[in-house]
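Q: The structure's right below; bear with me while I get my questions together.
There are 2 protein chains.
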Amino acid sequence: MNEQEKAEVNLSTEEKFKEAARIVFTKKGYAATKTRDIAEQAGLNLALLNYYFRSKEKLFEIIMIEKVQQLFAFISPALNDTNTSLEEKIDWVAVNYIEMLTKNPDLPIFVLSEIRTNPERFAKIIQLNTFVLKSHFVKQLAERKPGINPVQLFLNFLGMLIFPFIAKPVFHSTSAMSDDMFNQLLEDRKTLVPKWMKLMLE
Amino acid sequence: MNEQEKAEVNLSTEEKFKEAARIVFTKKGYAATKTRDIAEQAGLNLALLNYYFRSKEKLFEIIMIEKVQQLFAFISPALNDTNTSLEEKIDWVAVNYIEMLTKNPDLPIFVLSEIRTNPERFAKIIQLNTFVLKSHFVKQLAERKPGINPVQLFLNFLGMLIFPFIAKPVFHSTSAMSDDMFNQLLEDRKTLVPKWMKLMLE
DNA sequence: AAATTATTTAATCATTTGATTAAAGTCGAT
DNA sequence: ATCGACTTTAATCAAATGATTAAATAATTT
């Protein structure tokens, strides 16, 4: 029994359910996910879901809060760091965000799609996005290009980081590009996206 | 009874159902859409859905084919026009795609999310995407910037056009920006995106 | 060890959902 | 007006789904 197996054995039932829910909700979305799917993924009895979380919806909310935080709040500290330059922020965020998204390629489409379906429901959680928009980073953008709404540049940055992950299943399902090649392309963007951003900031 | 009302009266039951399905599927996605939702939206009897389309799934397929075409094939002719320069293509696509997306803001998230959920299911339809990747446009990109995979630049272009529409509900639900302001920002991108693309192509 | 509490199990329930059915209504041809 | 084909209606069905229940089991407390 190696270390990983030990860790798995020690997972509480509650945690096993959450882990299963992360996988299944992210893959299928809330509506298409059955409670039986989650129980099966967790290898646990269906009734435990209600015992531990009261409802499918409550479990979803827990996972969704995590995932929204992951997508939006991940970069928030870096964006609000007053000790780093605009260029430094761009470099750091590009590398680390792409790395995070590479490990969670379905995160963006999952979160954005659920928000689209129930916008009001997540308004409070995403309030964190307001901190991103009022970040030091956005302030720096405004100073660098005074004639352009900094949100434009912010959308470009975020879009260049996120959109390829959203588009990935399109490339995959059409065999338009091998997975290896696409992943390499994503990796290359760690340096390319900052380069393009800096062009826009000249 | 004005012209519009006349047109509506003449719509066949089948067409009324399709129109309702476009609205509801696009808003809620396949899984969260009930056949009763569609019937209600159409103001028609539920059983007619099966009479005309045999199943929810078949109706969905019809709508999805349309929507995939709209998202991917809309720009295909322009991208394959051998008589226009790279810059001309960029200008035209930016204006017309943003205009199309402004009228169908939910299109991208709907299509991309459904593809994510059932990638294999739409592979044949999206084969059209291969024609985009092998387009004259992508060839032109490769010639202009020989050191960079043209798909990178293509992803940037598409991402700068599409991503803000995907992100719109986030801005809306958090009141991070008024709808008027956000729409203006989208409108501005008709000229800004080509400008940024051209910077990347220098 | 016994009692109490917590967790798990498998069956069941109440409601929802896509689909079917049979009858009624409409339309066009004769 | 009648007939046949097509369309529509409202009720019903069969299966699925989130949730509940009661009993059994396991863990903790006394």
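Residue numbers (our numbering), protein chains in the order written: chain A, 78 to 279; chain B, 78 to 279. Think of the CB as a built atom: it goes at the ideal place given N, C-alpha and C, for glycine as much as any other residue. Here the structure is a predicted model, which is why all the values come from computation and not from measurement.
(1) Smallest Cα separation from Glu279/B: which of Lys222/B, Phe199/B and Met258/B?
(2) List, in order along the chain, the chain B residues whose C-beta lies closer than 7 angstroms to that of Thr251/A?
(3) Residues of chain A with CB closer than 9 angstroms to the CB of Ile152/B, please, in chain order.
(4) Comparing the C-beta of Arg99/A with each C-beta of chain B, is any distance below 7 angstroms?
(5) Is the CB of Lys95/B under 7 angstroms away from at least one CB in chain A?
(6) Apply the 10 Å Cβ neighbour rule to Asn233/A and answer buried if 16 or more other Cβ atoms are within range, or exposed otherwise.
(7) Just the chain A side, please: which residues come within less than 7 angstroms of Ile186/B by C-beta, in chain order?
(8) With Lys93/B and Ala116/B assumed to form a contact (beta carbons below 8 angstroms), what rounded beta-carbon distance in angstroms separates them?
(9) Using a beta-carbon distance cut-off of less than 8 angstroms, what residues from the region 212 to 242 of chain B approach chain A?
(10) Going by Cα to Cα distance, which pick from Glu191/A, Thr179/A, Glu220/A and Pro196/A is closest to Leu262/A?
(11) If distances are taken between C-alpha atoms only, which option among Met254/A, Ile203/A, Lys211/A and Phe214/A comes closest to Glu143/A?
(12) Indicate the three-state DSSP secondary structure (helix, strand or coil) for Asn181/B in the structure shown.
(13) Please state whether the Cβ-Cβ distance between Ala98/B and Leu123/B is less than 7 angstroms.
(14) Quick one: Cα of Thr207/B to Cα of Ser132/A, how far?
(15) In three-state DSSP terms, what is Ala253/A?
(16) With C-beta atoms as the reference, is Leu156/A less than 7 angstroms away from Phe214/A?
(17) Can you find a C-beta in chain A that's less than 7 angstroms from the C-beta of Val247/B?
A: For this structure:
(1) For this step, residue 279/B is matched to residue 202 along the second sequence. Relative to the Cα of Glu279/B, the nearest Cα in the group Lys222/B, Phe199/B and Met258/B belongs to Lys222/B.
(2) As a working mapping, residue 251/A is identified with position 174 in the first sequence. The contacting residues are Ala200, Ile203, Gln204, Asn206 and Thr207.
(3) Here residue 152/B corresponds to residue number 75 of the second sequence, with the count starting at 1. The contact set of Ile152/B on chain A, defined by CB atoms closer than 9 angstroms, is empty, because the minimum CB distance reaches about 14 angstroms.
(4) The residue given as residue 99/A occupies position 22 in the first sequence. No, Arg99/A does not count as interfacial toward chain B.
(5) Stepping through the second sequence from its first residue, residue 95/B is reached at position 18. Output row for Lys95/B: interface = no.
(6) As a first step, residue 233/A must be located in the first sequence, where it is residue number 156. The residue is buried, with at least 16 neighbouring Cβ atoms inside 10 Å.
(7) Taking the first residue of the second sequence as 1, we reach residue 186/B at position 109. Per Cβ cutoff of 7 angstroms: Leu189, Ser190 and Arg193.
(8) By 1-based counting over the second sequence, the position of residue 93/B is 16. By 1-based counting over the second sequence, the position of residue 116/B is 39. So it is not a contact: roughly 10 angstroms between Cβ atoms.
(9) Of all residues in the region 212 to 242 of chain B, only Ile225, Asn226, Val228, Gln229, Leu232, Asn233, Leu235, Gly236, Met237, Ile239, Phe240 and Pro241 place a beta-carbon less than 8 angstroms from a beta-carbon of chain A.
(10) Here residue 262/A corresponds to residue number 185 of the first sequence, with the count starting at 1. The shortest C-alpha separation from Leu262/A is found at Thr179/A.
(11) Position 66 of the first sequence, counting from 1, holds the residue named residue 143/A. Distance check between Glu143/A and each of Met254/A, Ile203/A, Lys211/A and Phe214/A places Ile203/A closest, using alpha-carbon atoms only.
(12) Residue 181/B sits at position 104 when you count from the first residue of the second sequence. Of the three classes helix, strand and coil, the one that applies to Asn181/B here is coil, per DSSP.
(13) The residue given as residue 98/B occupies position 21 in the second sequence. The residue given as residue 123/B occupies position 46 in the second sequence. Contact flag unset, no.
(14) Here residue 207/B refers to the residue found at position 130 when the second sequence is read from its first residue. Here residue 132/A refers to the residue found at position 55 when the first sequence is read from its first residue. Near 43 angstroms, if we compare the C-alpha coordinates of Ser132/A and Thr207/B.
(15) Taking the first sequence and counting its residues from 1, one reaches residue 253/A at position 176. In the three-state reduction of the DSSP assignment, Ala253/A falls in the coil class, being assigned neither a helical nor a strand state.
(16) One-based indexing of the first sequence puts residue 156/A at position 79. One-based indexing of the first sequence puts residue 214/A at position 137. Contact flag set, yes.
(17) Counting from 1 along the second sequence, the entry for residue 247/B is found at position 170. True, the Cβ-Cβ gap to chain A drops below 7 angstroms.
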